[in-house]
Structures are given as structure tokens and as C-alpha cells.
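First up is the structure itself, then whatever we jot down about it.
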């Protein structure tokens, strides 16, 4: 009875497997023939059976039993099936490119089949036997639909351009899918950003976030208000159900307490939106940094004259305020081995070049010396006042000049001590790098900065506490890291080096950050 008891104990803890194979009865029999377990087969992942029995839903190791019944799968001909649903912008190029690279690294052939505009599949085949090893099925829609498919048990992985909402997370918990927002099940795959775009011959080259919100609320209707021609503004935006549109609503409209006008032309695909803007000399669009096409991207202008431009480094560091992390979510469900191996590859450092070549911003850390940050130093000098003295600036330059800044930065959610989504992902990636020994014999300095709201002394103290919070989070995540291998220290310079203008909430949020400097 040992095998059956072990199977029962494991089943009480383990998770759902792949999609149901059909509601048919099967009988699992131990190898010695002494124990039989009957029930309805709910799933099989090539290694474990999941069955519904009189004892409840149980998970049983396939290596210890034989299966009898019409629904029993073939162990030799088993094909792993992984269903991926959600944001079309992720599933059209980037995730398929990762699948193809994963297949090449493992010696598999890849065959693509397109069913319709929203459905396609990729089959991985062993070239020696022509046997199909795995199939990845895609449903390309939007983030909302992706989470809906997950909650309906019609998807194993969700491609999302926003974080899971509280209601979606609660329903997943109620459905036995575990905490989908847990760091082990929600990973930032790549980075993107919300950018305003115009036609190439439009003379306007920058817009403030306040102006952008007022334009999309219908309060500013003519280009002349932005220094452009006396012509009405035509508005373009992604479909409201897309994660990108929801990011714009959350990051721009909600913070301005404004609602979008109904007079907006909306598109399901960013590339279609960009083409429409290019063809309209008086159009203004909101789209993805990776899908701008030939459209001209506007910089974000601050009231103090500083412009923030979307670029690979500014998106990685979140110095550009409208960053949009791209997530992969999965429930507490055991994927087939090929699916698990693919996810491990997709979130590894080896996948970063594939992501970059797909047109998105990868998360591979880059080093930037102080000499290449002239604008930031100019901002520091320009913002210096009675409380930020020459001595403070000299100490900052003295501390930072022997070091190089990592593009790995950390920011906190508005009005919260909780790191934002991109920063939580950065904690995991930096911790993994420490565990792998990437920074052995190096010194990592976590440097806190603040906005200029309040006294410089108080801001210095807050910035130092934030730096220590991040350092501690990284050390907690790096469970196998030996602190003797690398030194992790903290310092802070408060409001001494602003990135953006403190005249708006967006600017203050951008200025509140923790940077990592390496020596």
C-alpha cells in the first residue's frame, strides 16, 4: 500500500496538469498488482496522471502504475501540448521566435500551421524519428482574453501587457490555480513602452504628459496648442481591451483624473495603427515602442525643459516613465517537461538576444559609465539649490565616477513601499546573476535617489532606506549566494540627480529610484 499512500499524499499537494483528455474512466494499477485506483482521467503530462476519484482529485506518478481504459494515453507516442493565449503583439513574433530558437538549441525541427488570424500552432519534431515531441497552440487576441482563457482552463500560459488584476487573481485562487501573481508564476519576459507617435512630416516633436492626457480627454483639439499647424488633431489608440491601452489609461489618464473622449480611432494591431498615423499628417497615436513602424515618436517634455525619450536604455532603467513590462503568467499547474524547459529558456539570459532581435527591449543588463551620462549630470547641476551644495555634488561624483551604472534599476509603486512590476522582475534577475557568480569579486552599490518634495535631509534619509530595502530584497531572493563572493553596499544622494521635472507627479515618480553601480 506504500505506493498508493504516497500517490495520495502527493496528490493532495500537487497541481493540475495539462488540458483534460476527456471524461472517461481509467484504472491505474500498481506494478505489483496489489493496488488499483479508478476514476475519470483529467490529464496526463507525460509523467503524471491526474484523475478524479472517490477520494477527490489525485495526481499519480505514471512510472509506478499501468493504465487500463479507453482514455489511457500512449506513453511512447505522447505529445506535449502547451496552450498560450493573450497579447497578439507578443505572440505574433517574439514568443514564436523564442520557440524556434529553443527548438534549434535542442535539435528539433519546427513546423508552423496557421488556422486563422487568431489561431496558429508550432510543432516540434525529432528529426531522427519524425516523431512530434510537442505542440504549442496560440490564441492571439489581447490581455483580457488571455486571462479569461486561463480562468476557463483553456490556456496554460498567458501573454500579458499588464499585471493581473485583483479580481482575476482571486478567481484563479478560487479555481485552485494557486497565486498566479507569485514571482514563480509571473515573469517579465521583455520590456516595451507606451509612446505617442505622429506622421514623419508633423513639425511637433514633443508633448508633455499633461498635454497628452488633455488631448485624449478632448480638451486640446488643435495642433496649434502644441506649436503645430492650425489643424484639428485626429486621435488613434489601441483597442480598449489591450494591455497597452489599459497601461495608457492607468499611467496617463487616471493620474490626470481625466476620461478619454469617445472620438478615437482604435486598432487591434499596433502595426496597423502606426500605418494609419503615418498616412495622416494631423494624426496622433498611442502605440507600442516596438510597433512604431515609420511613425515619428514624440519625446515627453517636462515643465522644466527636460525631455524624456523612449529608447532601449531609458526603458530598461525606467527613466522613461511609460514603460510597459510584458508578462508570462501561468497557474500552479505542472506543464509537460518540454513546456517547463521552454519557459526556463524563455526567461533565461540566453533568450535576451532573441527578444532584442524581435524588436522589443530585452532585460540583459548593460553598463553605462558616468562620462556617458552628461545630461544627468547637467540636470544635477541645474537642480542644485541651497540644500544641494557643491560639496554634495562633489561627493556624488567622487563615489560614482570609479563605477559604472547597471541598467538594472528599481522603482516603487505610487504611494507604496512595494516595488513595481519591472523592479520585482529585476530583483529576481539580479539575484539569479549573483547566484551564478556573474558579479563575483565585484562591488555592487545600491544608490538611492528621491524627488525634491520636502527637505533635502529627509529625502536623503528616505532614499537611503529605499536602497537598503532593495539590497535586502535581492539578498533574500539570492538564496544560494555566498555574501563573501561579492560586496553589496548602499549609499544615497536624495534629490541631487533628478531624471525628470519635479513639477508633476510623473516626474517625481521617475525621480524616486534606486540604481545599481558596479565596480
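Residue numbers (this note's numbering): 748 to 1266. Beta carbons: idealized from backbone N, C-alpha and C, even for Gly.
Query raised in the report: Among 1177, 857, 895 and 829, which one has its Cα closest to the Cα of residue 1222?
Result: 1177
Report task. Note down the Cα distance separating residue 910 from residue 927, rounded to an integer number of angstroms. Result -> 10 Å
**Report entry** Short Cβ contact (8 Å threshold) for residue 1045 with residue 1150
**Finding:** no
Query raised in the report: In this structure, what does DSSP give as the bridge partners for residue 777?
Result: 812
Query raised in the report: Got a sec, what are the start and stop residues for the beta strand (DSSP E) residue 939 sits in?
Result: 933-945
Query raised in the report: Cβ of residue 806 within 8 Å of Cβ of residue 785?
Result: no
Query raised in the report: When the Cα of residue 813 is compared with those of 797, 1059, 835 and 780, which residue comes out closest?
Result: 780
Query raised in the report: Rounded C-beta distance between residue 1112 and residue 1154? I'm assuming under 8 Å.
Result: 6 Å
**Report entry** Coarse secondary structure for residue 1073, derived from DSSP in three states
**Finding:** strand
Requested in this report: Could you pull the start and end residues of the alpha helix (DSSP H) that residue 843 belongs to?
Outcome: 841-852
Query raised in the report: Whose C-beta lies closer than 7 Å to the C-beta of residue 873 among residues of the same chain, with five residues either side of it excluded?
Result: 855 and 880
Query - Every unbroken beta strand (DSSP E) within the segment 1079-1154, with a cutoff of 3 residues, ordered by chain - result: 1114-1116
Query raised in the report: Expressed to the nearest angstrom, what Euclidean distance is found between the alpha-carbon atoms of residue 1137 and residue 1241?
Result: 14 Å
**Report entry** Between the CA atoms of residue 1073 and residue 1110 - distance to the nearest angstrom
**Finding:** 11 Å
**Report entry** Pick from 1188, 1194 and 1101 that is closest to residue 1142, judged by C-alpha positions
**Finding:** 1194
Query raised in the report: Under three-state DSSP, which class holds residue 769?
Result: With a pLDDT of only 40 at residue 769, under the threshold of 50, the placement of this residue in the model should not be trusted; the figure read from the coordinates follows. Of the three classes helix, strand and coil, the one that applies to residue 769 here is coil, per DSSP.
Query raised in the report: So, residue 882 versus residue 865, is the Cβ gap smaller than 8 Å?
Result: no
Query - Beta-carbon spacing of residue 1092, residue 1033 below 8 Å - result: no
Query - the ligand ZN heavy atom lying under 7 Å from the CB of residue 901 - result: By its list of ligands, the structure shown contains no ligand whatsoever, and the ligand ZN lies outside what it can speak to.
Query - Spatially closest choice to residue 1252 from 938, 1229, 1209 and 956, by CA coordinates - result: 956
Report task. Just the C-alpha distance for residue 1196 and residue 1203, rounded to the nearest angstrom, thanks. Result -> 11 Å
Query raised in the report: Would residue 1067 pass as a contact of residue 1055 if the rule is Cβ separation under 8 Å?
Result: yes
Requested in this report: Count the other CB atoms, across all protein chains shown, that sit within 10 Å of the CB of residue 1098; report buried if there are 16 or more and exposed otherwise.
Outcome: buried
**Report entry** Alpha-carbon to alpha-carbon, residue 1022 and residue 945
**Finding:** 10 Å
Query - Exposure of residue 1100, with buried meaning 16 or more beta-carbon neighbours within 10 Å - result: exposed
Query raised in the report: For the alpha helix (DSSP H) that residue 730 lies in, which residues bound it at each end?
Result: Given a span of 748 to 1266 for the chain in the structure shown, any question on residue 730 remains unanswerable.
Report task. On the DSSP bridge assignment, give the partners of residue 869 in chain order. Result -> 859 and 883
Query - CB-CB length for residue 962 against residue 1031, believed under 8 Å - result: 7 Å
Requested in this report: Leaving out five residues on either side along the sequence, give the residues of the same chain with a beta carbon under 6 Å from the beta carbon of residue 1029.
Outcome: 978 and 981
Query raised in the report: If we ignore side chains and look at the alpha-carbon of each, how far apart do residue 1268 and residue 822 end up?
Result: This structure cannot speak to residue 1268, because the chain is shown only from 748 to 1266.
**Report entry** Member of 1258, 1104, 839 and 975 whose CA lies at the smallest distance from the CA of residue 1244
**Finding:** 1258
Query raised in the report: Closest to residue 938 by CA distance: which of 832, 842, 1059 and 840 is it?
Result: 1059
Query raised in the report: For chain D, is any of its Cβ atoms less than 8 Å away from the one on residue 1050?
Result: Chain labels in this structure do not include chain D; a single protein chain is all it has.
Query raised in the report: Across which residues does DSSP place residue 796 in a beta bridge pair?
Result: 791 and 807
Query raised in the report: What residue does the beta strand (DSSP E) around residue 1218 start on, and which one ends it?
Result: Careful: residue 1218 lies outside any beta strand (DSSP E), inside the alpha helix (DSSP H) at 1203-1224.
Report task. Note down, in chain order, each residue of its chain lying with its Cβ closer than 7 Å to the Cβ of residue 968, except the 5 sequence neighbours on either side. Result -> 979 and 980
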